[in-house]
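All remarks here apply to the structure that follows.
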Amino acid sequence: MDKLNNIQVFCRIVELGTFAAVAREMNLSAMMISKYMAQLEESLGVALLNRTTRQLSLTEAGEIYYYRSKQLLEDFSELDDYTAQLGRQVKGTLKISAPIDFGGIYMVPAIDAYQREHPGVRIQMTLHNSRVNLSEGSFDLSILVTDSLDPGVVARKIAETRLCTYASPAYLVEHGEPEQIDALHSHCCLHYIDTPHKDYWVFNIDEDEVKIKTNWHFASNNGRALCQAAALGMGITQAPEISVANYLAHGQLVEILQAYRMPSLAVYATYLQRRFLPAKLTTFVDFLIKYFAENNNYNDDKLNTREKTTT
110 MDKLNNIQVF CRIVELGTFA AVAREMNLSA MMISKYMAQL EESLGVALLN RTTRQLSLTE
170 AGEIYYYRSK QLLEDFSELD DYTAQLGRQV KGTLKISAPI DFGGIYMVPA IDAYQREHPG
230 VRIQMTLHNS RVNLSEGSFD LSILVTDSLD PGVVARKIAE TRLCTYASPA YLVEHGEPEQ
290 IDALHSHCCL HYIDTPHKDY WVFNIDEDEV KIKTNWHFAS NNGRALCQAA ALGMGITQAP
350 EISVANYLAH GQLVEILQAY RMPSLAVYAT YLQRRFLPAK LTTFVDFLIK YFAENNNYND
410 DKLNTREKTT T
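Structure representation (structure tokens):
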């Protein structure tokens, strides 16, 4: 009996929720998955799963065994990666979480350039705007555009950008340009959903953060959709400069309310501190720092690449 294999099967049953799903993933029969699970429980002398016709759930022993097993499997994976690193082989699968806009616009060219140097690394990137819990193990690396960090992660700045306010020239001709932030109440605003600031836009007045609740008439969780709407003259939007760089370059949008611009936002590559950092992770983060420093077309500020660990 290959106990490590049975542990892997058990962990995937917990994560995917059914024997059938694990069987499909591993290209095995559900009967074989059930056999592996039975072997594991028999060797331990304890039930790990509660089975009903409708669902599976962990027993108390199963819950403890799962979390310890998950850590064990991660340690094995890290040890393999670390040993491969000693042999100067950079390979494996790197799972990345990134914001929709930054990931969709900027990460793909960076990944292409990285994989030209390290073709043995496969990269799986998931784009969404929600923060992920790295300790759950679904991702190796999370890219964040933020002014605050979660505790317990290592964060390395790969770029930075400014949060600014924009409108199209045609909109400003038709509606006039607001000179004060209070004037936004009489304008059509295009709002980004699910930011840390909720329903508010943030501005800087004498180095103090001031929040304004706008009367938005179009909102989205996709910055590109909001930029397109602003370029079409639908209203005013507030966005990181990296999201509108192309629109600015082509004169489709212009910055307004520059005197109230917020300080720069950092773009971080974040990951958990480990005893053995795999080569696929360290080489990728180092590459991102270098890549964005050399391809920084949206901000001339010098990057601070010092590693920091939040507490």
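Under the numbering used here, think of the first position of the sequence shown as 110, with each following residue one higher. Glycine is no exception: its CB is placed at the ideal position from the N, C-alpha and C atoms. All of these numbers come straight from a predicted model, not from anything done at the bench.
request  = Classify Leu149 as buried or exposed, calling it buried when 16 or more other Cβ atoms lie within 10 Å of its own Cβ.
outcome  = buried
request  = Jot down the residue ranges of each uninterrupted beta strand (DSSP E) in the stretch 201-268, minimum 3 residues, whole runs only, in chain order.
outcome  = 201-207, 230-236 and 250-255
query = To which residues of the same chain is Ser257 closer than 8 angstroms at the C-beta, ignoring the five residues directly before and after it?
reply = Pro305
task = Decide if Ala279 is buried, meaning its Cβ has at least 16 other Cβ atoms within 10 Å, or exposed.
result = exposed
task = Could you give the DSSP three-state label for Gln180: helix, strand or coil?
result = helix
task = Using a threshold of 7 angstroms, state whether the C-beta atoms of Ile290 and Ile321 are closer than that.
result = yes
task = Give the DSSP-derived three-state secondary structure of Val155 in the structure shown.
result = coil
inquiry  = Which residue wins for smallest C-alpha separation from Leu381, given the options Ser247, Ala147, Met135 and Ser352?
reply    = Ser247
query = In or out: Val217 buried (at least 16 other Cβ within 10 Å) or exposed?
reply = exposed
request  = For Asn115, count neighbouring C-beta atoms within 10 Å of its own C-beta (all shown protein chains included) and say buried if the count is 16 or more, exposed if not.
outcome  = buried
inquiry  = Please report the distance separating the alpha-carbon of Arg415 from that of Arg265.
reply    = Only weak support exists for where Arg415 lies, its pLDDT of 40 falling under 50; the value from the coordinates is given anyway. Straight-line Cα distance between these residues: approximately 6 angstroms.
inquiry  = Ignoring anything shorter than 3 residues, give me the beta strand (DSSP E) runs that lie fully in the stretch 316-362, in order along the chain.
reply    = 317-322, 325-329 and 345-349
message = For Thr420, which residues in the same chain have their Cβ closer than 8 angstroms to its Cβ, ignoring the five residues on either side in sequence?
response = With a pLDDT of only 43 at Thr420, under 50, the local geometry of the prediction cannot be trusted, and the value read off the model is given with reservation. Cβ within range, chain order: Pro260 and Gly261.
query = Cβ of Ile142 within 7 angstroms of Cβ of Val123?
reply = no
query = Going straight from the alpha carbon of Leu390 to that of Leu182, what length do you get?
reply = 17 angstroms
ask   = Is Leu250 buried or exposed, if buried means 16 or more other CB atoms sit within 10 Å of its CB?
value = buried
query = Looking only at C-alpha atoms, which of Ser206, Val241 and Glu245 sits nearest to Gln233?
reply = Ser206
query = According to DSSP, what are the bridge partners of Leu165?
reply = Arg160
Cβ pair Arg370, Cys298 closer than 7 angstroms = no
query = Which whole-angstrom value describes the C-beta separation of Ala276 and Leu362, a residue pair presumed to lie in contact below a C-beta threshold of 8 angstroms?
reply = 7 angstroms
Integer Cβ distance of Gly344 from His296, believed to fall under 8 angstroms = 7 angstroms
message = Taking 8 angstroms as the cut-off, does the stretch 343-358 touch the stretch 210-227 (at least 3 CB pairs, one atom from each stretch)?
response = yes
ask   = Taking Cβ positions, are Lys204 and Gly229 nearer each other than 7 angstroms?
value = no
query = Is Leu253 closer than 7 angstroms to Tyr377 when the C-beta atoms are compared?
reply = yes
task = Can you have a look at Gly154 and say buried or exposed, based on whether 16 or more other CB atoms are within 10 angstroms of its CB?
result = exposed
query = Roughly how many whole angstroms lie between the Cα atoms of Ile314 and Phe393?
reply = 38 angstroms
query = In the DSSP assignment, what residue or residues form a beta bridge with Thr270?
reply = Leu374
query = In the DSSP assignment, what are the bridge partners of Glu364?
reply = Tyr275
request  = Enumerate in chain order the residues of its own chain whose CB-to-CB distance from Gln347 is below 6 angstroms, with the five nearest sequence positions on each side excluded.
outcome  = Thr274 and Trp310
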